[in-house]
Amino acid sequence: MNTTRMYEFAVIGGGMAGASIAAELALYARVLLLEGEDAPGYHATGRSAAFWEECYGGPGVVPLTRASGAYLGELGFLTPRGALYIGRGEDREAMEAFRASYQGTGVQIERLAPAALGERVPHIRPEWSEALHQPACADIDVAGLHQHYLAMARRNCAEVVTRARVTGLAREGGAWTITSERGETWRAMTIVNAAGAWADGIARLAGVQPVGIAPFRRTVAVLRVDPPAPADLPLVLDINCGFYFKPDAGRLWLSPHDEIPSEPCDAAPEELDVAIAIDRFQQVTDWRIAAVERRWAGLRSFAPDRMPVYGFDPQIEGFFWFAGQGGFGIQTAPAAARLGAQLLLEMAPDAMTAGIDAAAYAPARFAAALQSA
Ligand SMILES: Cc1cc2nc3c(=O)[nH]c(=O)nc-3n(C[C@H](O)[C@H](O)[C@H](O)COP(=O)(O)OP(=O)(O)OC[C@H]3O[C@@H](n4cnc5c(N)ncnc54)[C@H](O)[C@@H]3O)c2cc1C
Numbered sequence: 088m089n090t091t092r093m094y095e096f097a098v099i100g101g102g103m104a105g106a107s108i109a110a111e112l113a114l115y116a117r118v119l120l121l122e123g124e125d126a127p128g129y130h131a132t133g134r135s136a137a138f139w140e141e142c143y144g145g146p147g148v149v150p151l152t153r154a155s156g157a158y159l160g161e162l163g164f165l166t167p168r169g170a171l172y173i174g175r176g177e178d179r180e181a182m183e184a185f186r187a188s189y190q191g192t193g194v195q196i197e198r199l200a201p202a203a204l205g206e207r208v209p210h211i212r213p214e215w216s217e218a219l220h221q222p223a224c225a226d227i228d229v230a231g232l233h234q235h236y237l238a239m240a241r242r243n244c245a246e247v248v249t250r251a252r253v254t255g256l257a258r259e260g261g262a263w264t265i266t267s268e269r270g271e272t273w274r275a276m277t278i279v280n281a282a283g284a285w286a287d288g289i290a291r292l293a294g295v296q297p298v299g300i301a302p303f304r305r306t307v308a309v310l311r312v313d314p315p316a317p318a319d320l321p322l323v324l325d326i327n328c329g330f331y332f333k334p335d336a337g338r339l340w341l342s343p344h345d346e347i348p349s350e351p352c353d354a355a356p357e358e359l360d361v362a363i364a365i366d367r368f369q370q371v372t373d374w375r376i377a378a379v380e381r382r383w384a385g386l387r388s389f390a391p392d393r394m395p396v397y398g399f400d401p402q403i404e405g406f407f408w409f410a411g412q413g414g415f416g417i418q419t420a421p422a423a424a425r426l427g428a429q430l431l432l433e434m435a436p437d438a439m440t441a442g443i444d445a446a447a448y449a450p451a452r453f454a455a456a457l458q459s460a
C-alpha cells in the first residue's frame, strides 16, 4: 500500500509568494507548503526594503500593486510614507517621460516645487531641483504580512514543512511524486513553483522548460546619520535608478539600486556596492554619515520581460508558475496570490482581481520564444 500523503497542491518555496498563495488555496483545497530552509522567509522576503510604491516595477505591475493596497491597508500592514522621485535640471525630460508612462494607470504623481523638495529632504544639494511626488507610497510590515499568510495557511489545514528542500519531481498517473533531499516523499496533483531565485531549477526538476527567471543582487546599507533622519522623511528615489533611501528609527536605509547578476544563493553584500551607495548618497546630500551600522543583500528575480509569471505551464500538465516577482513581490502579494489561486481553482475574478489582466502574466507568453530557441 502506498502511504505517501496526497495533496491537491504542493507549493514549493515558503517566501512571500509561496506563503500567500498557500494561504489563498488552503481556503478551498488540501495544500502542502515545502520550504528548504529552517524557517520560511530567509531569502528575498526577509531582505526587502519594505515599501509599497505604486510605480515600482513599471506600469505593467501597477494593477497588481494597486489591487493589493486595500487589503494591506485594511489589515494594518501599511504606514503612510510618500515617495519622491528626484533629479537634476538635465533630468526634466526623463521625469516627464516617467510621469507620462503612468498616465491612465490610476497612479497619482505630482510635480513638487524645488523649495518644497528642500523642505521634505533635509541636506539635499541644490542641484537636485526636480521632484515628482507619489503620495500614496507606504511602508509595509513585511514580517507581519508573511506571518499573516503562514498563519492563515495553517489555520486552514495547510501542512507547512521546513527543511524540505525539493530535489525530485516525477509525474506519473496524473500526479506528482515530490522527493526532498532528506528522502521524504509527498504526492500532489499540482505543483506551484514559488521558489523565487530557484524557480527555473524547480522547472528543470519537473522536466519543464525554464522561462528564464534570472536573479539579481540588491544591496541595502543602514546608515547612522547626524543629525538623525526625521521619521517623516519620504522614500527618496533617483529618477535614473542610482539609489533610494528611507528613514528607520533615525537611521537611513540606503540602496545603490544595484542589479548584479547572480546564481541562486544566500546573497551577501559586497563592500564595493556599499561604497557606491555612499558615494552616490554624498552626491545628493551633505548629510554626515556617522557609521554604516548594518548591510544586507538579497536576490530579486526577473523573467526576461520583467513581468511576473503566474499561470499553468503551457506544455507540462499540473505545473503552475508563481515566480519572477522582481522588486515588487511584497507589495503585490495579496492580489497576486488571489489571482494565482483563482487560476488554479478555476474561480472567477473577485473585487480584488477584477481589474487585472491575467494574460499579461501568463507563462504562455514565452512559449513562442522558447520553441524557436
Ligand atoms: C534588497 C531588496 C529590497 C526589496 N524591496 C522590496 C520592496 O520594498 N517592496 C517589495 O514589494 N518587494 C521588494 N523586494 C522584492 C521582494 O523581496 C521579492 O519580490 C519577494 O520577497 C519574492 O518572494 P518569493 O517568495 O518569490 O522569494 P523568496 O523569499 O526568495 O522565497 C523563495 C523560497 O523558495 C525556497 N526554495 C527554493 N528552492 C527550493 C527547493 N528546492 N525546495 C524547497 N524550497 C525551496 C527558498 O528557500 C526561499 O525561501 C526587495 C528585494 C530585495 C532583495
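Sequential numbering of the sequence shown, starting at 88, is according to my numbering. For each residue, glycine too, the CB sits at the ideal point set by N, CA and C. Only a predicted model underlies this, so the values are computations on that prediction, with no experimental measurement involved.
In the same chain as residue 179, and ignoring 5 residues on each side of it, the C-beta atoms closer than 7 Å to its own belong to 217, in chain order.
DSSP links residue 198 through a beta bridge to 219. The Cβ neighbour count for residue 190, taken over all protein chains shown within 10 Å, is under 16; the residue is labelled exposed. According to DSSP, residue 331 shares a beta bridge with 324, 342.
Apart from sequence neighbours up to five positions away, the residues of its chain that approach residue 341 with a beta-carbon distance below 6 Å are 308, 310, 332, 364, 368, ordered along the chain. The beta-carbon separation of residue 245 and residue 162, rounded to 19 Å, does not stay under the 8 Å limit for a contact. Annotation for residue 156 indicates a beta carbon at 6 Å or more from all heavy atoms of ligand 1.
In the three-state reduction of the DSSP assignment, residue 348 falls in the strand class, which pools E and B. According to the DSSP secondary-structure assignment, residue 121 is paired through a beta bridge with 99, 248.
Residue 336 and residue 320 have their alpha carbons spaced roughly 11 Å apart. Relative to the non-hydrogen atoms of ligand 1, the Cβ of residue 408 never comes closer than 6 Å to any of them. A straight-line Cα-Cα distance of about 23 Å links residue 181 and residue 305. For residue 187, the closest alpha carbon among the candidates 177, 219, 152, 166 is that of 219.
As the crow flies, the alpha-carbon of residue 108 is around 31 Å from that of residue 334.
The residue among 184, 291, 210, 209 with its C-alpha nearest the C-alpha of residue 198 is 184. Boundaries of the alpha helix (DSSP H) around residue 158: 149-161. In the pairwise beta carbon analysis, the segment 99-107 is classified as touching the segment 129-137: at least three pairs are separated by under 8 Å.
Judged by DSSP in its simplified three-state form, residue 173 adopts strand. The shortest CA-to-CA distance from residue 169 to any of 270, 138, 157, 447 is the one to 138. The three-state secondary structure of residue 182, taken from DSSP, is helix. According to the DSSP assignment, residue 450 belongs to no beta strand (DSSP E), since it is labelled neither H nor E. For residue 259, the secondary structure class from DSSP, reduced to helix, strand or coil, is strand. Between residue 423 and residue 281 a beta carbon distance of about 10 Å is seen, past the 8 Å cut, so the two are scored as non-contacting. Look at residue 138: its beta carbon is less than 6 Å from one of the heavy atoms in ligand 1. The Cβ atoms of residue 215 and residue 175 sit closer than 7 Å to each other.
Between residue 251 and residue 110, the CB-CB gap reaches or exceeds 7 Å.
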